[in-house]
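Participant: Numbering of the sequence shown is given in this note's numbering, commencing with residue 736 and proceeding in unit increments.
In this text, a Cβ means the ideal position worked out from N, Cα and C, and glycines have one as well.
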Amino acid sequence: GQKTAGAWFRPLRSHSTSMKTQPLGCIVMNKRRPPPQYPVLMANQEVETLFHEFGHALQHLLTTEPEGMAAGCNNVEWDAIEFPSQFLEYFALNDPWTKGQILRHFRTGEAIPANLTAQWEQARHARHASGLLYQLYLGNLDLQLHARSWEKPESLLQFEDHLYESFNSMPPMNGTCKVCSFAHIFQGGYAAGYYSYKWAQVLSADAFAAFKEAGNNKGAVVELGRKYRDTVLAQGGGAHPLDLFVQFRGREPESEPMLKIEGLVA
736 GQKTAGAWFR PLRSHSTSMK TQPLGCIVMN KRRPPPQYPV LMANQEVETL
786 FHEFGHALQH LLTTEPEGMA AGCNNVEWDA IEFPSQFLEY FALNDPWTKG
836 QILRHFRTGE AIPANLTAQW EQARHARHAS GLLYQLYLGN LDLQLHARSW
886 EKPESLLQFE DHLYESFNSM PPMNGTCKVC SFAHIFQGGY AAGYYSYKWA
936 QVLSADAFAA FKEAGNNKGA VVELGRKYRD TVLAQGGGAH PLDLFVQFRG
986 REPESEPMLK IEGLVA
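1. Using a threshold of 8 Å, state whether the C-beta atoms of residue 879 and residue 892 are closer than that.
2. Can you tell me where the alpha helix (DSSP H) holding residue 954 begins and where it ends?
3. Are the beta-carbon atoms belonging to residue 935 and residue 983 less than 8 Å from one another?
4. Evaluate contact between the stretch 748-764 and the stretch 801-814, counting only Cβ atoms and requiring at least three cross-stretch pairs below 8 Å.
5. Looking at the unbroken beta strand (DSSP E) that takes in residue 976, where does it start and where does it end?
6. If we count the other Cβ atoms within 10 Å of its Cβ and call it buried at 16 or more, is residue 884 buried or exposed?
7. Buried or exposed: which applies to residue 970, given that a residue is buried once 16 or more other Cβ atoms fall within 10 Å of its Cβ?
8. Given that a residue counts as buried once 16 or more other Cβ atoms are within 10 Å of its Cβ, and exposed if not, what is residue 857?
9. For the candidate residues 744, 912, 874, 786, whose alpha-carbon lies nearest to that of residue 795?
10. Please work out which residues of its chain come closer than 7 Å, Cβ to Cβ, to residue 928, disregarding the five sequence neighbours upstream and downstream, and give them in chain order.
11. For the alpha helix (DSSP H) containing residue 859, list its first residue and its last residue.
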């Protein structure tokens, strides 16, 4: 048979005091076969994907909730299910120490020259505003599909084009039909919930900003890490995600940290 494309975290067993079970899970990730004489290397996007799935794993494994139905990722409201995963993603390519560990020559261990790193950073932020608008379009399209009644397929396709133009500066290509390939909402479990990706990015970027504010103060970083573990990761589906965020950050989430990381505001 063929492999299933993509990557995901799969819970295998949940923590439960009454059942006396410990959490167990696995990360499944496809990798390209390396050329002969080369080890398995990872592209930037693959590193981000690994960190993303490991964020899900941490929430599942570090839970302290006694009830299995609310332990780990279980019972977490859809608005915040991608919060821990996208939070850890930011450490992959936005944290200087982490980048210093992984952006190296695979044979010599030599760090990538600063000028190449700077060029890579510029390329990574290219058209981020367009990407943001496209994600807002997809989230809106998903909600509209579930909120309206569609008597004729033609009306749906016309609406899709009109909605696309309201979020993007360029018209859609002829023959484009995102609805027919929107796998996330038809087979990925995100029906009427695709917006959560972008909202979780707001939460995760704001949480990551707390660590950036701590800078090189090791004591402050350790304290923040424990606080994050004891709130977002430990309590999981046992408390409202907004309450957990406020416990960690001391305030409600703000969008500016996400826009800064995306390079959209100074």
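Facilitator: Judging by the given coordinates:
1. no
2. 953-963
3. no
4. yes
5. Element bounds for residue 976: not the beta strand (DSSP E) but the alpha helix (DSSP H), 976-984.
6. exposed
7. buried
8. exposed
9. 744
10. Cβ-Cβ distances below 7 Å link residue 928 to 813 in the same chain, with the five nearest sequence neighbours on each side left out; the list follows chain order.
11. 849-859
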